[in-house]
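K.L.:
The structure that follows is given in the form of structure tokens.
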Amino acid sequence: MKPQHPLESPNDAPTTRPCDPDVPNSRGWIALVLLAALVAGSKPVEGGDTWLGIAVGRGILADRAAPRTDWLSHTFAGRPWINQNWLAHAGTAWLHDRIHPNALVGAKFMLLILMGLAVCSAAKCACHHTGLAAIVTSISLILARSYWDIRPQMLTSAALSFLMLAYVHARAGRTALWWSLPLVFAVWANAHGGFLLGLLIAIALASALARRPGRPMVRYGPLAVVAVCVAVTVVASPYGIDNLRHPFAVGASPVFQSVTEWRPVWEAVAGPPILGFVALAGWTSVLGILAFGFLPGRARLCRRSGPGAALPIDVPLLLLTFAGLVLAAISRRFLPPLCIIATPTLAQLHRALIARIAEAITRRTVDPARLAALSPRIARPLAILPTVLIIASALAVPTEFASPPAGVGDSLFSRMTQEWSAPRDAADYLQSNWATIGELRLLNDWTFGGYLAYRLPGARLYIDGRSQMVYDEAHLIRWSLLDTGGYRGRTMSDGDARAEFDAPFGRISIAIVRPASRLARLLREWQDWRLVHTDRIALVFRRNAASSDESRTSDRAAVSP
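With the sequence shown counted from 1, adding 170 to any position gets you this note's numbering.
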């Protein structure tokens with residue numbers, strides 16, 4: 171007699187092994203997933219956070235410790251800084267400086283491939299069909315193509331894919347991956363603040379696993395694993411309990427809510443595109459309506475259709491998918507996690523829809539254990555959609571890589587981070603004309619901060635991409651009013667800008683701003699500033715040395731251009 175698994179009751183023991191690989195019939199489907207992962211990762215994304223992560227990682231490697239106070243800016247120097255991405259930043263700097271900048275590109279593709287395989291395996295366990303799993307996984311990877319970037323958030327997507335795989339394996343009676351979650355969270359809690367989302371999802375999934383019948387110690391084993399994960403995220407982090415509290419503080423801050431890429435999908439802002447969210451939301455809704463409502467059939471979707479067969483639809487995963495849709499609608503940057511979470515459910519909805527069609531044709535209930543033999547004729551035509559998406563995305567790659575000017579983008583890393591849109595020439599100018607970069611206090615455009623920190627180690631910034639982590643709302647408002655003249659109904663005249671400019675910027679001698687910005691116009695008009703460098707991306711202004719004693723002090727190592 172086959173021994174019963176600790177998390178199974180006699181009535182729950184599956185008659186099939188849905189998580190076993192179907193090797194003879196799956197090679198083509200796996201190739202589809204690999205191709206989708208490669209094409210999904212091929213889109214260049216502006217590398218502001220990538221460059222900033224390298225600069226921060228260099229400091230972490232030099233100090234051999236996670237940062238606790240800010241040392242990149244002169245406006246908030248010494249203020250407390252909880253960098254929950256410190257481990258990812260250190261790894262990014264190590265790959266860039268010790269191996270090669272292109273190693274970061276390779277690491278990005280490797281993560282996407284591993285994510286694709288893990289999510290496809292989870293979907294296979296959920297829907298019992300390799301083809302459907304590969305189709306849904308490929309589409310999900312392509313829909314989030316604009317968001318796959320060389321940044322710590324990629325690690326959250328990878329960890330979520332492992333969490334999905336651990337859950338569906340545990341539902342099938344294999345708990346080895348679930349028991350390894352504390353180790354995953356020990357790394358995750360030091361690599362990206364998204365681990366908090368992972369903890370909330372793990373609690374929900376563990377609660378679903380604990381409802382299975384069985385002995386009390388076994389029944390509550392999944393919840394015990396999650397409790398250990400929570401403890402690990404506190405003990406294993408250099409920030410202690412603040413590691414759990416900080417994501418809530420960041421999410422509630424007005425600064426965070428003002429960052430474009432985290433804005434709701436219904437707001438028309440110049441942030442990441444929302445087409446992927448609209449497509450995923452529509453796809454999920456249509457599948458759900460068809461599978462649950464309109465097609466005839468005698469089998470109920472949330473009831474066993476055969477002896478010992480698994481549930482056609484996993485209700486906890488279905489609820490998580492709809493919760494993810496709401497979260498991604500509120501903050502568009504949650505689309506990549508949503509694609510990971512939704513994939514097993516979408517595969518199950520496809521499978522349920524095929525079952526309803528088969529029942530309508532055959533006039534009898536279809537056993538899920540035999541559904542794999544009935545669905546190839548439907549799965550193969552469905553593969554046309556991901557294939558078209560992959561080809562369309564691949565055709566766009568040459569256009570996306572065609573924009574760098576001569577002399578820029580000489581490496582794959584430069585092209586993937588769109589270095590031609592960064593103040594590259596301005597940084598070259600400063601490196602050539604200043605003997606001691608470490609003494610520079612800059613007034614820089616918000617979007618230039620990450621690249622300047624990467625190119626000018628030691629220079630002190632005015633603002634950068636850590637806006638929601640380090641800088642407060644008053645600082646954001648001050649910068650916005652200076653740069654554009656308006657912020658959420660507030661305005662600032664040119665005269666007020668001059669008065670506001672002198673107070674916080676009294677020790678600044680260099681300004682790097684965009685040519686079309688209001689601040690560039692003001693600096694041209696003020697007599698104590700002069701333009702010393704210009705290019706298509708940035709203008710460099712220098713305060714006249716005689717304008718203040720403080721500027722003389724900060725410029726004592728400068729070589730006059």
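Built from N, CA and C at the ideal position, the CB exists for glycine as well.
These numbers were taken from a predicted model, which means no experiment stands behind them.
1) How is residue 503 classed by DSSP in three states: helix, strand or coil?
2) Assuming residue 281 and residue 324 are in contact, meaning their beta carbons sit under 8 Å apart, how far apart are those beta carbons, in whole angstroms?
3) Just the Cα atoms here: how many angstroms apart are residue 256 and residue 284?
4) Please report the distance separating the alpha-carbon of residue 501 from that of residue 431.
5) If you run the structure through DSSP and keep just helix, strand and coil, what is residue 471?
6) Roughly how far, in whole angstroms, is the beta-carbon of residue 201 from the beta-carbon of residue 228, given that I think they are within contact range, below 8 Å?
7) Comparing C-alpha positions only, which one of 345, 491, 414, 582 sits nearest to residue 310?
8) If you compare alpha carbons, which of 357, 556, 515, 335 is closest to residue 312?
9) Would you mind sorting residue 625 into buried or exposed? The rule is 16 or more other CB atoms within 10 Å of its CB.
10) Tell me the rounded alpha-carbon separation between residue 378 and residue 486.
11) Does the pairing of the segment 230–239 with the segment 326–345 give three or more beta-carbon distances under 8 Å?
12) One question on the structure: do residue 517 and residue 296 come within less than 8 Å of each other, judged by their Cβ atoms?
13) Give the straight-line distance between the Cα atoms of residue 434 and residue 499, rounded to the nearest whole angstrom.
14) Do residue 613 and residue 632 have their C-beta atoms within less than 8 Å of each other?
15) So within the segment 588–646, which uninterrupted alpha helix (DSSP H) runs reach at least 4 residues, ignoring any that extend past its ends?
16) Pick out whichever of 276, 292, 220, 287 has its Cα sitting closest to the Cα of residue 259.
17) Is the distance from the Cβ of residue 410 to the Cβ of residue 254 below 8 Å?
18) Can you tell me which of the three DSSP states residue 252 falls into?
19) Assign residue 240 to one of two classes, buried (16 or more other C-beta atoms within 10 Å of its C-beta) or exposed (fewer than that).
20) Check each candidate in 654, 337, 246, 351 and name the one with the smallest Cα separation from residue 667.
21) Only counting the same chain, and skipping five residues up and downstream in sequence, which positions put a Cβ closer than 7 Å to that of residue 443?
22) Where does residue 657 sit, in a helix, a strand or coil, going by DSSP?
23) If distances are taken between C-alpha atoms only, which option among 703, 687, 365 comes closest to residue 407?
24) Give a yes or no on whether the C-beta atoms belonging to residue 333 and residue 372 are separated by under 8 Å.
25) Just to confirm my understanding: we take residue 301, look at its own chain, exclude 5 residues before and 5 after, and list those with CB closer than 6 Å. What are they?
26) What does the Cβ neighbour count give for residue 322, buried or exposed, with the cut at 16 atoms within 10 Å?
27) Near residue 684, which residues of its chain fall below 7 Å by C-beta distance, leaving aside the five closest residues on each side in sequence?
28) Within the continuous beta strand (DSSP E) that includes residue 557, where are the two ends?
29) With DSSP run on the structure shown, which of helix, strand or coil describes residue 436?
30) Quick check: the Cα distance between residue 352 and residue 339, rounded to an integer number of angstroms?
31) The beta strand (DSSP E) with residue 681 in it runs from where to where?
32) The beta strand (DSSP E) spanning residue 704 covers which residue range?
33) Here's a check: name, in chain order, each residue in its chain whose Cβ is nearer than 6 Å to the Cβ of residue 714, leaving out the five neighbours to either side.
34) Round the Cβ separation of residue 252 and residue 416 to the nearest angstrom and send it over; I've been treating them as touching at under 8 Å.
35) Which whole runs of the beta strand (DSSP E) in the segment 259–300 are 3 residues long or more, in chain order?
36) Once DSSP output is grouped into helix, strand and coil, what is the label at residue 429?
P.N.:
Quick answer:
1) For residue 503, the secondary structure class from DSSP, reduced to helix, strand or coil, is helix.
2) That pair is a contact at about 5 Å.
3) Cα to Cα, the separation comes out at about 22 Å.
4) Taking the straight line joining both Cα atoms gives about 8 Å.
5) The predicted position of residue 471 is uncertain, since its pLDDT is 48 and thus under 50; a value taken from the coordinates is nonetheless stated next. Three-state DSSP puts residue 471 in coil, outside helix and strand.
6) Here residue 201 is actually not in contact with residue 228; their C-beta atoms are around 39 Å apart, not less than 8 Å.
7) Out of 345, 491, 414, 582, 491 has the C-alpha closest to the C-alpha of residue 310.
8) In terms of Cα proximity to residue 312, the closest of 357, 556, 515, 335 is 556.
9) So residue 625 ends up on the buried side.
10) The alpha-carbon atoms of residue 378 and residue 486 are separated by roughly 7 Å.
11) The segment 230–239 and the segment 326–345 do not touch, with fewer than 3 CB-CB distances between them shorter than 8 Å.
12) In this structure, residue 296 lies closer than 8 Å to residue 517 by Cβ.
13) Rounded to whole angstroms, the separation of the alpha carbons of residue 499 and residue 434 is 6 Å.
14) Yes; because the gap between Cβ atoms is below 8 Å, this pair is in contact.
15) Counting only runs of 4 or more, we get 594–603, 619–625.
16) For residue 259, the nearest C-alpha among the options comes from 220.
17) Going by C-beta atoms, residue 410 is not nearer than 8 Å to residue 254.
18) If DSSP states are grouped into helix, strand and coil, residue 252 belongs with coil.
19) Buried: at least 16 other Cβ atoms inside 10 Å.
20) If we check each option's Cα against that of residue 667, 654 comes out closest.
21) Excluding positions up to five away in sequence, the list reads 316.
22) Here residue 657 sits in strand by DSSP.
23) With distances taken between Cα atoms, residue 407 lies closest to 365.
24) Going by C-beta atoms, residue 333 is nearer than 8 Å to residue 372.
25) The answer, listed in chain order, is 199, 549.
26) The residue in question, residue 322, is buried, as its Cβ has 16 or more Cβ neighbours within 10 Å.
27) Excluding sequence neighbours, residue 684 sits near 615, 690, 708.
28) Taken as a continuous stretch (DSSP letters only), residue 557 belongs to no beta strand (DSSP E), being part of the alpha helix (DSSP H) at 554–570.
29) Assigned with DSSP and collapsed to three states, residue 436 falls in coil, not helix or strand.
30) Distance between the alpha carbons of residue 352 and residue 339: 16 Å.
31) For residue 681, the enclosing beta strand (DSSP E) covers residues 680–683.
32) That run of the beta strand (DSSP E) goes 699–704.
33) Within the same chain, residue 714 has close Cβ partners 698.
34) Correct: roughly 5 Å between the Cβ atoms.
35) DSSP runs (the beta strand (DSSP E)) wholly in the segment 259–300: none.
36) Looking at residue 429 - three-state DSSP - the assignment turns out to be coil, as it is neither helix nor strand.
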